[in-house]
Amino acid sequence: MILGDLGAECLQSKYCEVVNAASMFVGEESASFLSVSRNKNIYSISIAVNLKDPKGTKLVTELAKICDVLVENCWTRKLNVMGLGYEELSKVAPQLIYCSITNHSQIPMSHKPGYDSIASAVSGLVHITGPEDGDPVRPGLAMTDQATGLFTHLLHFTS
C-alpha cells in the first residue's frame, strides 16, 4: 500500500481459497478492504493464484523474473516446499529483493500461523489497551499488521 502510494506498480497475489476475513461491510463494501486497498485502481492490480497447482507456481516464478521486490507472509517455509522460496527464486530472478514476513520469526513457534491479534497479545499491546482495571482489549485497528507494513516499506525504500 505505501509503496503504491509512492508510485510503485504493485501486484498483489492471494491464494484462491483466501476469503476476506474482515466482515465489516456496508452494503457490498468492506471498510477493512478499502483501508488497505486504497490505491488499487491507481498503481496496482490483484490476482488470485492457486499455488497448489503447478501452473500457479510457474506463474509466480515467471512474475518473479520481471519484479523487483517480493513480499510474502506465508507460514514459515511454506513457499520453500512449493519451490517458491528465496533459494529457488533467486536462481531465476537474481535481481529480486525477497522479503519474508513471519509472526514468530525464528522462535520455536515459527511453524505456526500468525495473525495481528496473536502478535498484539504476545507483544503486550492488548495489555496496555482498554480500561486500567479491566480485561485486555484488542486495539480497534490491526496495529501490528500496520507496523509490519511500515517497517517493510522502510526496508524496501532503503534497499
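Numbering (my numbering), first residue to last: 255 to 413. Heads up, the beta-carbon is just placed ideally off N, CA and C, and yes, glycines get one too.
Quiz item: How would you label C270, buried or exposed, when you count the other beta carbons within 10 angstroms and need 16 or more for buried?
Solution: Counted from its first residue, the sequence shown places residue 270 at position 16. The predicted position of C270 is uncertain, since its pLDDT is 47 and thus under 50; no value can be drawn from it.
Practice problem: Return the first residue and the last residue of the alpha helix (DSSP H) that S371 is part of. | Solution: Residue mapping note: residue 371 aligns to position 117 of the sequence shown, counting from 1. 370 to 377 is the extent of the alpha helix (DSSP H) around S371.
Quiz item: First and last residue of the alpha helix (DSSP H) that includes E316?
Solution: On the sequence shown, residue 316 is found 62 positions in, with the first residue counted as 1. In the DSSP assignment, E316 falls within the alpha helix (DSSP H) that extends over 308 to 320.
Practice problem: Kindly give me the distance between the Cβ atoms of L317 and Y352, rounded to whole angstroms, as I take these residues to be in contact under 8 Å. | Solution: On the sequence shown, position 63 is the one that residue 317 refers to. On the sequence shown, position 98 is the one that residue 352 refers to. In fact, because the Cβ distance is near 13 Å, the residues do not count as touching under 8 Å.
Quiz item: Quick one, which of L265, S377, F411, E386 has its alpha-carbon nearest D399's?
Solution: As a working mapping, residue 399 is identified with position 145 in the sequence shown. Of the candidates L265, S377, F411, E386, the one whose C-alpha sits nearest the C-alpha of D399 is S377.
Quiz item: Looking at the unbroken alpha helix (DSSP H) that takes in E341, where does it start and where does it end?
Solution: In the sequence shown, counting from the first residue as 1, residue 341 sits at position 87. Unbroken alpha helix (DSSP H) run through E341: 340 to 346.
Practice problem: Out of C264, H381, L379, state which residue places its alpha-carbon closest to the alpha-carbon of I299. | Solution: The residue given as residue 299 occupies position 45 in the sequence shown. It is C264 whose Cα lies nearest to the Cα of I299.
Self-check item: Neighbourhood of G337 by C-beta, 7 Å cutoff - its chain only, sequence neighbours within 5 removed
Solution: Within the sequence shown, residue 337 is the residue found at index 83, counting from 1. Hits under 7 Å: T311.
Self-check item: I355 vs T402 beta-carbon contact at 8 Å
Solution: Locating residue 355 in the sequence shown gives position 101, where the first residue counts as 1. Locating residue 402 in the sequence shown gives position 148, where the first residue counts as 1. Cβ distance < 8 Å, so I355 and T402 count as in contact.
Exercise. Return the Cβ separation of S374 and M397 in integer angstroms, given the expectation that the two are a contact with Cβ distance under 8 Å.
Key: Mapped onto the sequence shown, residue 374 falls at position 120. Mapped onto the sequence shown, residue 397 falls at position 143. S374 to M397, Cβ: 6 Å. Contact.
Quiz item: Skipping 5 residues on each side, what residues in its chain have a beta carbon closer than 6 Å to that of T383?
Solution: For the purposes of this step, residue 383 is taken as residue 129 along the sequence shown, with counting starting at 1. Closer than 6 Å at Cβ, skipping near neighbours: V391, P393.
Quiz item: By how many angstroms is the C-alpha of V314 removed from the C-alpha of Q266?
Solution: Taking the sequence shown and counting its residues from 1, the one referred to as residue 266 is at position 12. Taking the sequence shown and counting its residues from 1, the one referred to as residue 314 is at position 60. Straight-line Cα distance between these residues: approximately 11 Å.
Quiz item: Which term fits M370, buried or exposed, when burial requires 16 or more other beta carbons within 10 angstroms of its beta carbon?
Solution: As a working note, residue 370 is residue 116 in the sequence shown. What sits at residue 370 in the sequence shown is Asp, not Met. With 16 or more other Cβ atoms within 10 Å, it is buried.
Exercise. Taking L257 and H410 to be in contact with their CB atoms under 8 Å, please state how far apart those CB atoms are, rounded to whole angstroms.
Key: Walking along the sequence shown from the start, residue 257 turns up at place 3. Walking along the sequence shown from the start, residue 410 turns up at place 156. That belief holds up - the Cβ atoms of L257 and H410 are roughly 6 Å apart, short of 8 Å.
Exercise. Could you tell me the distance, in whole angstroms, from the CA atom of E342 to the CA atom of G388?
Key: Translated into positions along the sequence shown, residue 342 becomes position 88. Translated into positions along the sequence shown, residue 388 becomes position 134. E342 and G388: Cα-Cα distance of roughly 49 Å.
Self-check item: Strand pairing of E326, partner residues [DSSP]
Solution: As a position in the sequence shown, residue 326 is number 72, starting the count at 1. In the DSSP output, where bridge partners are listed per residue, E326 has S354.
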